[in-house]
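Position in the sequence shown (from 1) plus 595 gives the number in the working numbering. C-beta: ideal position from N, C-alpha, C; glycine also. To start, the structure under review is shown below, and the notes come after it.
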Amino acid sequence: LTALKKRNTPLLLISAIFHRHHPFFRWYGPLYKKMLQCFTWMFVQTLESANRLESIGFSSNVSVNGDTRFDRVTDIAENFTALPVIEKFCGNSPVVVAGSTWPEDEEELDHYANTHPEIKFILAPHEIGEDHLVDMEKLFSRSIRYSQLDKMPVSDANTLIIDNIGMLAKLYHYATITYVGGGFGSDGVHNVLEAAVHRKPVVFGPVFNKFTEAIGLLEEGGAFTVDNALELENVLNDLLTKNELYSECSEAAGKYVYEHRGATQNIMQYIQANRLLMS
């Protein structure tokens, strides 16, 4: 950062969030403020972040701009291409797509999956090492791996374990209900926007307070948070049996994402207006 500043190279901070526990705002904060002085402009996600920066003397080069991930996920959803193998597995059944799951998530999901063979589950774990995949197969009694779909009969399987990387954003398209993992671990829930953009209800565990988008989705009625397997099963049952609740939640999820687009365009306008890309 210091080298870039010495060379007068424009430097932008994009989609930043500043929390009160960050070192910039502690008693030893001045030691870290030099880092922020290197930025030409700071695009932050929230007014709270802008206010925190203002409290330590940064306001003239700060703007509240939102999160570029909203633009990214809508672009992916609008350019969706079908996955015929997934379509065949889902058939006409209700489908729960659980993405970025950890063992803690899978242990909350397995009972419901094993006792509801009429519902299809698609699990895309965060880790796809062989040991973890074997553990998942033990948890989910009617499971099959994606890599085995064309090699084994799937008539009795209601749970598909995705043993590759890169499919998740498309998989959410096939969901009746989405579940986003990480919320039962200390680091918190993963990307809820990838799921919500498909206008499907989003469910996740209790650790989400660090994530503005998860909080916003809950406040708008597009998501549910659960503390344990029983609460999870109750939420899934409600969404699958109460049509009005399902419709309202689905609409709220999609609306939340689409109403927060535009951060990328604003950044590009700033770059063009200030001729930052000119040689």
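Alpha-carbon to alpha-carbon, residue j and residue i
{"i": "V775", "j": "G817", "result": "13 Å"}
{"i": "V802", "j": "R602", "result": "42 Å"}
{"i": "P618", "j": "L648", "result": "12 Å"}
{"i": "P748", "j": "C685", "result": "14 Å"}
{"i": "L626", "j": "G783", "result": "29 Å"}
{"i": "Y841", "j": "I717", "result": "19 Å"}
{"i": "N759", "j": "S695", "result": "12 Å"}
{"i": "T604", "j": "W636", "result": "12 Å"}
{"i": "K628", "j": "K805", "result": "22 Å"}
{"i": "E846", "j": "E815", "result": "10 Å"}
{"i": "H616", "j": "S650", "result": "14 Å"}
{"i": "I723", "j": "D730", "result": "11 Å"}
{"i": "L766", "j": "A672", "result": "11 Å"}
{"i": "R870", "j": "K837", "result": "53 Å"}
{"i": "L744", "j": "R667", "result": "30 Å"}
{"i": "G661", "j": "H855", "result": "7 Å"}
{"i": "L728", "j": "L596", "result": "42 Å"}
{"i": "Q864", "j": "S655", "result": "18 Å"}
{"i": "D726", "j": "G624", "result": "44 Å"}
Contact set for residue i: own chain, Cβ-Cβ below 6 Å, skip 5 residues either direction
{"i": "S736", "result": "N709"}
{"i": "A645", "result": "V639, V657 and V659"}
{"i": "M762", "result": "none"}
Cut-off 7 Å between Cβ atoms - residues of its own chain near residue i, not counting five sequence neighbours on either side
{"i": "I866", "result": "L872"}
{"i": "E843", "result": "G816"}
Cβ-Cβ distance between residue i and residue j below 8 Å
{"i": "L607", "j": "C633", "result": "no"}
{"i": "T807", "j": "T641", "result": "yes"}
{"i": "H793", "j": "A770", "result": "yes"}
{"i": "L831", "j": "V691", "result": "yes"}
{"i": "L825", "j": "P689", "result": "no"}
{"i": "S610", "j": "T663", "result": "yes"}
{"i": "A791", "j": "G849", "result": "yes"}
{"i": "A693", "j": "L678", "result": "no"}
{"i": "L631", "j": "F665", "result": "no"}
{"i": "A809", "j": "E789", "result": "no"}
Buried versus exposed, by CB contacts within 10 Å (16 or more), residue i
{"i": "P720", "result": "buried"}
{"i": "I772", "result": "buried"}
{"i": "K683", "result": "exposed"}
{"i": "F613", "result": "buried"}
{"i": "K715", "result": "buried"}
{"i": "V852", "result": "buried"}
{"i": "T676", "result": "exposed"}
Any non-hydrogen atom of the ligand SAM closer than 7 Å to residue i Cβ
{"i": "Y853", "result": "Inclusion of the ligand SAM in the displayed structure is not the case, the ligand content being empty and no account of it being possible."}
Original post:
Would the segment 820-834 and the segment 794-801 be scored as touching if the rule is three or more Cβ pairs under 8 Å?
Top reply: Result yes; three or more Cβ-Cβ pairs closer than 8 Å.
**OP:** Decide yes or no for the touch test of the segment 690-707 against the segment 769-785: beta carbon pairs closer than 8 Å, at least 3 of them.
**Re:** The answer is yes - the segment 769-785 touches the segment 690-707, with three or more Cβ pairs under 8 Å.
Original post:
Does the segment 725-744 come close enough to the segment 753-763 to have 3 or more Cβ pairs within less than 8 Å?
Top reply: Yes: at least three Cβ pairs fall under 8 Å.
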